[in-house]
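K.L.:
This is the structure I want to talk about, given as structure tokens.
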Ligand code: PRX
């Protein structure tokens, strides 16, 4: 733990050093890992291309650093403590020895099923330890893992499998989420109808529900593991070999596969975990995210294990069996560091203190927040009632593309300020610019957040489409990485993230592209066109407001009754479907759930006759956003619109 910053003075000095001589700074941290061959150049970069390489020509395997090197001293230490969806089911504790053996076993299973270094493996799994085992087994054999959040639909799953031509899929029969059971294998079977690259499916038995196994393609996790040896020599990887792909939404309709590589990601997640949370050897660290998101990759699996920490994996949801689940689990497992999302905090806050009061929460030392701006009320509630006014709140700003935490307090070191992510971590060089890319210097400024120098965890490419990576992050402003976020720097030089400035929404901490949701809505047979925007939502942070144009004929013929006179969906025959507004809205929501995921369902749907468009046909989202926010006092100049009168109509019908 020689790289741990323990005072503000030390932070200031370390930061200065990291900016003055980044290569030396990161070299010193990289030295502490187990390498098969040391790197001979620290950094090569060019943001124009972009080309970014760290620790060039180094050879390693990240799992030796997550597992093997801890065995001699800490083999019997718990690596993972698993908390079931069912609060009565006993915890599973997996030591470093056991995790190492299981990972080796599953690496053998992958090999026995035809997987080699460089192959892509898709993981569509419940939050069970086997997901972490599968992630690490891929890394051990050098296969590139692509974890798809198990809340995504069959279509989203097959799109992601196809984009990176995954050869093998690991899934489960089903999963538990609160009082629901989801048939994961059934969803996979639907997805697998259009995924020609998949040769094998490995199925973990979790719910014991009836499923179909396709002979020759589908095999059971347990029977494969039974046959496999508990030893597997970690495959030698180059520093810049791909480690994983993780899909995330951008401003176009198609999710992009963010690609991270081995060494830089390892060094960065190790360092940020150690410092932000001030890791100590006896910590019980709990990050409540799903491994399907970057937060789970970096701060359930890699960051904690690289530090030899004990990491908690939770299968369930914060409100099951009741809204005290997080707090009872903290007491039960004696969690010391807790990391969750503002959405969860707001929803538990809304459930009231009666769910918090029965618990002591006295094991907690640090509490963290990630994924969206945390509003002041939620920050104080978290600080006062969960952290009991003694635990620092680390409001950590980062992105799928950054690999790890970028702007955040260092617990006990950086004085916190509610709603501020505070200061950049060592090695992180933020810059605020105006719309033209001019640097906004000094304090008390607000602009677009960019980075002017690479850090080891930065995205290397978007899988299969490097041009897209360039366009999305490196072309907006010359020689800068553009985050897509608006940001303020206050009088103390503290950073406060305002939110996305592009066509990306952040719903309950989940990133969704407006185009993605619109494409799904447009699949409804009566929808001609749609435009969606985010609007402030008390719990979710942002909700989705959809403006849709339905075909005139539907309205004229009364197929969609905008006066809501019809009782319910009346299906006469295929050609004539009579819908009232509610059933139309439900149909739209169902389509979005089916095509993307229930997390993408619009909260409000308004039927409009036209959308505010410029003469060149571009939708003026700025106007729709204002209407959705309920603030129509200053819509700006609307005279350039093709048909300014639609604006009035939309305002009148707004919800
Ligand atoms: O808008 C920022 C918001 O989440 C976006 C990144 O989303 P994603 O790649 O899904 O990663 C989320 C988990 C790292 C950012 O562009 N965001 C993330 N953390 C914060 C935040 N906004 C405000 N405050 C944060 N702490």
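Numbering (the numbering used here), first residue to last: -18 to 636.
Yeah, the Cβ is synthetic: ideal placement off N, Cα and C, and Gly gets one too.
Only counting runs of 3 or more residues, tell me where the beta strand (DSSP E) segments fall wholly within the region 35 to 96, in order along the chain.
P.N.:
For the region 35 to 96, whole beta strand (DSSP E) runs of length 3 or above, ordered along the chain, are 59 to 64 and 73 to 76.
K.L.:
Can you tell me the Cβ-Cβ gap for residue 609 and residue 526, rounded? I've got them flagged as a contact below 8 Å.
P.N.:
As a position in the chain shown, residue 609 is number 628, starting the count at 1. As a position in the chain shown, residue 526 is number 545, starting the count at 1. Residue 609 to residue 526, Cβ: 4 Å. Contact.
K.L.:
State yes or no: is the C-beta of residue 94 nearer than 7 Å to some heavy atom of the ligand PRX?
P.N.:
For the purposes of this step, residue 94 is identified with residue 113 of the chain shown, where counting begins at 1. No.
K.L.:
Exposed or buried, residue 531, counting other C-beta atoms within 10 Å across all chains shown (16 or more means buried)?
P.N.:
The residue you call residue 531 lines up with position 550 of the chain shown. Label assigned to residue 531: buried.
K.L.:
When every heavy atom of the ligand SAH is checked, does at least one fall within less than 7 Å of the C-beta of residue 484?
P.N.:
Among the ligands present in this structure, namely the ligand PRX, the ligand SAH is not found.
K.L.:
So does the region 303 to 313 actually touch the region 278 to 286, counting three or more Cβ pairs closer than 8 Å?
P.N.:
The region 303 to 313 vs the region 278 to 286: no contact.
K.L.:
Going by other Cβ atoms of all chains shown within 10 Å of its Cβ, with 16 needed for buried, is residue 210 buried or exposed?
P.N.:
The residue given as residue 210 occupies position 229 in the chain shown. The residue is exposed, with fewer than 16 neighbouring Cβ atoms inside 10 Å.
K.L.:
Distance check for residue 484 and residue 581, CA to CA, integer angstroms please.
P.N.:
Start at 1 with the first residue of the chain shown, and residue 581 comes out as number 600. Start at 1 with the first residue of the chain shown, and residue 484 comes out as number 503. The alpha-carbon atoms of residue 581 and residue 484 are separated by roughly 14 Å.
K.L.:
To which residues of the same chain is residue 220 closer than 8 Å at the C-beta, ignoring the five residues directly before and after it?
P.N.:
Mapped onto the chain shown, residue 220 falls at position 239. Within the same chain, residue 220 has close Cβ partners 20, 34, 35, 36, 37, 38, 39, 40, 41, 242, 243, 244 and 245.
K.L.:
Would you mind working out which of 520, 269, 571 and 51 sits nearest residue 489, comparing C-alpha positions?
P.N.:
Here residue 489 corresponds to residue number 508 of the chain shown, with the count starting at 1. The residue with the shortest Cα to Cα distance from residue 489 is 520.
K.L.:
Tell me whether residue -17 is buried or exposed, calling it buried when 16 or more other Cβ atoms sit within 10 Å of its Cβ.
P.N.:
Within the chain shown, the letter at position 2 stands for residue -17. With fewer than 16 Cβ atoms within 10 Å of its Cβ, residue -17 is classed as exposed.
K.L.:
With a cut-off of 7 Å, give the chain-ordered residues whose Cβ is closer than this to any heavy atom of the ligand PRX.
P.N.:
Matched residues: 229, 274, 275, 276, 350, 351, 352, 353, 354, 355, 376, 377, 378, 379, 380, 381, 382, 402, 464, 465, 466, 478, 480, 481, 487, 490, 491 and 492.
K.L.:
Mind checking who residue 491 pairs with in its DSSP beta bridge?
P.N.:
Taking the first residue of the chain shown as position 1, residue 491 is located at position 510. Its beta-bridge partners are 488.
K.L.:
Ignore the nearest five residues each way along the sequence and tell me which others in residue 270's own chain have a CB closer than 6 Å to its CB.
P.N.:
For this step, residue 270 is matched to residue 289 along the chain shown. So the list reads 276 and 277, once near-sequence residues are dropped.
K.L.:
Whole-angstrom Cβ separation of residue 293 and residue 274, contact assumed at under 8 Å?
P.N.:
As a position in the chain shown, residue 293 is number 312, starting the count at 1. As a position in the chain shown, residue 274 is number 293, starting the count at 1. Actually they are not in contact, since the Cβ atoms of residue 293 and residue 274 sit about 16 Å apart, beyond 8 Å.
K.L.:
Using 8 Å as the Cβ pair cut-off and three pairs as the minimum, do the region 332 to 343 and the region 190 to 200 touch?
P.N.:
Judged by Cβ distances under 8 Å, the region 332 to 343 makes no contact with the region 190 to 200, as fewer than three pairs qualify.
K.L.:
Between 481, 528, 522 and 509, which has its C-alpha nearest residue 535's C-alpha?
P.N.:
In the chain shown, residue 535 corresponds to position 554, counting from 1. With distances taken between Cα atoms, residue 535 lies closest to 509.
K.L.:
Output needed for residue 434: all residues of its chain with C-beta closer than 7 Å, excluding positions within five of it in sequence on either side, in chain order.
P.N.:
If you number the chain shown from 1, residue 434 lands on position 453. Once the five neighbours on either side are set aside, the close Cβ partners of residue 434 are 3 and 410.
K.L.:
Does the beta-carbon of residue -10 have 16 or more other beta-carbons within 10 angstroms, so that it is buried, or is it exposed?
P.N.:
Position 9 of the chain shown, counted from the start, is the residue given in the question as residue -10. Burial call: exposed.
K.L.:
From the DSSP output, in three-state form, read off residue 546 for me.
P.N.:
Your numbering for residue 546 matches position 565 in the chain shown. Its pLDDT being 45, under 50, residue 546 is placed unreliably in this model, and the coordinates cannot settle the point.
K.L.:
Which partner residues of residue 125 appear in the DSSP bridge assignment?
P.N.:
Residue mapping note: residue 125 aligns to position 144 of the chain shown, counting from 1. Its beta-bridge partners are 101.
K.L.:
Can you find the residues in the same chain that come closer than 8 Å, C-beta to C-beta, to residue 545, ignoring five residues on each side of it along the sequence?
P.N.:
Taking the chain shown and counting its residues from 1, one reaches residue 545 at position 564. Note on residue 545: pLDDT 47, under 50, position unreliable in the model; the coordinate value appears next. Only 561, 562 and 563 meet the Cβ criterion.
K.L.:
Fully enclosed by the region 354 to 419, which alpha helix (DSSP H) runs are 4 residues long or longer?
P.N.:
Fully enclosed alpha helix (DSSP H) runs of 4 or longer: 357 to 362.
K.L.:
Do residue 126 and residue 102 have their C-beta atoms within less than 8 Å of each other?
P.N.:
Residue numbering aside, residue 126 sits at position 145 when the chain shown is read from its first letter. Residue numbering aside, residue 102 sits at position 121 when the chain shown is read from its first letter. Cβ atoms of residue 126 and residue 102: closer than 8 Å.
K.L.:
Going by other Cβ atoms of all chains shown within 10 Å of its Cβ, with 16 needed for buried, is residue 290 buried or exposed?
P.N.:
The residue you call residue 290 lines up with position 309 of the chain shown. Flag for residue 290 reads buried.
K.L.:
Tell me which residues share the same chain as residue 22 and place their Cβ nearer than 6 Å to its Cβ, disregarding the 5 neighbours each side in the sequence.
P.N.:
Along the chain shown, read from residue 1 onward, the residue named residue 22 stands at position 41. 37.
K.L.:
Can you list, in chain order, the residues of its chain with a C-beta nearer than 7 Å to that of residue 302? Leave out the 5 residues immediately preceding and following it.
P.N.:
What you label residue 302 is simply residue 321 of the chain shown in a count that begins at 1. So the qualifying residues of the chain are 68.
K.L.:
Rounded to the nearest angstrom, what separates residue 342 and residue 368 at their Cα positions?
P.N.:
Position 361 of the chain shown holds residue 342. Position 387 of the chain shown holds residue 368. Looking at the two C-alpha atoms, the distance is approximately 8 Å.
K.L.:
Suppose you measure from the CA of residue 212 to the CA of residue 89; what does that come to, to the nearest Å?
P.N.:
Your numbering for residue 212 matches position 231 in the chain shown. Your numbering for residue 89 matches position 108 in the chain shown. When rounded, the distance between both Cα atoms is 8 Å.
K.L.:
Is it true that the CB of residue 541 sits closer than 8 Å to the CB of residue 589?
P.N.:
By 1-based counting over the chain shown, the position of residue 589 is 608. By 1-based counting over the chain shown, the position of residue 541 is 560. Not a contact, by the Cβ cut-off of 8 Å.
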